[in-house]
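Asker: In the order they appear, the protein sequences are chains V and X. Following our numbering, the numbering of the first sequence begins with 19 at its first residue and continues without gaps. Following our numbering, the numbering of the second sequence begins with 19 at its first residue and continues without gaps. The beta carbon of each residue, even a glycine, is placed where N, CA and C say it ideally should be. Before anything else, here's the structure in question.
2 protein chains.
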Amino acid sequence: MSPELTLTPKQKSPNGQPCCEPVVYPDVERAHAERMAKIAKALGDPIRLTLVDVLRKHAGKVCVCELVPLFDVSQSTLSHHLKKLRDAGIVDSERQGLWAYYYVNPEELEELSAWLS
Amino acid sequence: MSPELTLTPKQKSPNGQPCCEPVVYPDVERAHAERMAKIAKALGDPIRLTLVDVLRKHAGKVCVCELVPLFDVSQSTLSHHLKKLRDAGIVDSERQGLWAYYYVNPEELEELSAWLS
DNA sequence: CAGTTCCATTCACATTTGTCAATTGATACG
DNA sequence: CGTATCAATTGACAAATGTGAATGGAACTG
């Protein structure tokens, strides 16, 4: 990809100084980085992050009908946000009759938390 | 906003059961949620997350010329990613002669890490 | 000075995202 | 049955995002 831009570190500056010490190859292998990025991306919206915050603090299953009025967006928009969180594995949901109950799956958040520490 | 969709929890199901226990209002105030989401969003790309990983592991300042060859994207694309990380406050940079050196500003990551725990 | 090198920025474009109105599907009630 | 309610989905659209080629700007070299 763009082989004319070799940009291989020269280890020598124009004035003879090394540009920096060489760097090890990222030891977060690519698949792990992609999982972490997917989780972070799902948290990368104020509404979704607040949703997760509410669900975590509640420590139980919360009905969607409780979540919708907390935010200034339409029901369908909130449903999309919840779907993104589900797709990222951060939350799960259950239906009971008319209602849908959401709760946090702590494992995904812990994985990101572990990477951050 | 869309006042016909009142969706206020009825606390009563059609069969007389409450839909769920009421939920406290998100106590991550909006501004904090937006800061956290901004940081998470900046980490929500595999290249940027790996960049942060490399910079953190190196525990020093790393020249851009070392970073570019680690990824399969053009130099300008990587520069864009670094700018996003800078804008989110996750990394800072310094110029020395021709080179630019990047390093992690740990405070922002710690703030997200604290929220996650 | 002219030429190089590193990095950032601009321009362009296809893809993704956030949003809402409207609809659908499922379930409950009467 | 018909109607009402909750939540998910569809369709549409503007805005943001990820990408690369090309350019610009700064600093060094000769």
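(1) Tell me the DSSP secondary structure of Arg66 of chain X in three-state form.
(2) In the DSSP assignment, what residue or residues form a beta bridge with Ala118 of chain V?
(3) Measure the beta-carbon distance from Val70 of chain V to Leu103 of chain V and round it to whole angstroms, keeping in mind my assumption that it falls under 8 Å.
(4) Can you name, in chain order, every residue of its own chain whose Cβ lies under 7 Å from the Cβ of Tyr119 of chain V, other than the five neighbours on each side?
(5) Given 8 Å as the limit, is there contact between the region 120 to 129 of chain V and the region 48 to 62 of chain V, that is, 3 or more CB pairs closer than that?
(6) Would you report the Cα separation of Asp63 of chain X and Glu52 of chain V, rounded to the nearest angstrom?
(7) Among V:His50, V:Val122, V:Leu96 and V:Ser94, which has the Cα closest to the Cα of Gly107 of chain V?
(8) Output the distance between the C-alpha atoms of Trp117 of chain V and His50 of chain V, rounded to the nearest integer angstrom.
(9) Please classify Val86 of chain X: does DSSP put it in a helix, a strand, or coil?
(10) Report, in whole angstroms, the separation of the C-beta atoms of Ser131 of chain V and Ser135 of chain X, which I expect to be a contact under 8 Å.
(11) Please list, in chain order, the residues of the region 47 to 66 of chain X that have any C-beta partner in chain V closer than 8 Å.
(12) Skipping 5 residues on each side, what residues in its chain have a beta carbon closer than 6 Å to that of Arg74 of chain X?
(13) Indicate, with yes or no, if the ligand HEM has a heavy atom lying under 7 Å from the CB of Ser131 of chain V.
(14) 8 Å is my cut-off, CB to CB: does Pro21 of chain V come that close to chain X?
(15) At the 8 Å Cβ level, is Ser111 of chain X part of the contact set with chain V, yes or no?
(16) 8 Å is my cut-off, CB to CB: does Ser138 of chain X come that close to chain V?
Answerer: Let's see:
(1) helix
(2) V:Arg113
(3) 7 Å
(4) Lys79, Val80, Cys81, Ser111 and Glu112
(5) yes
(6) 7 Å
(7) V:Val122
(8) 35 Å
(9) helix
(10) 6 Å
(11) Arg48, Ala51, Glu52, Met54, Ala55, Lys56, Ala58, Lys59, Ala60, Leu61, Gly62, Asp63, Pro64 and Arg66
(12) Val122
(13) Among the ligands in the structure shown, none appear at all, so the ligand HEM cannot be discussed.
(14) For Pro21 of chain V, the predicted model reports a pLDDT of 26, less than 50, meaning its position is unreliable and no value from the coordinates is stated.
(15) no
(16) The question about residue 138 of chain X has no answer, for chain X in this structure spans 19 to 135.
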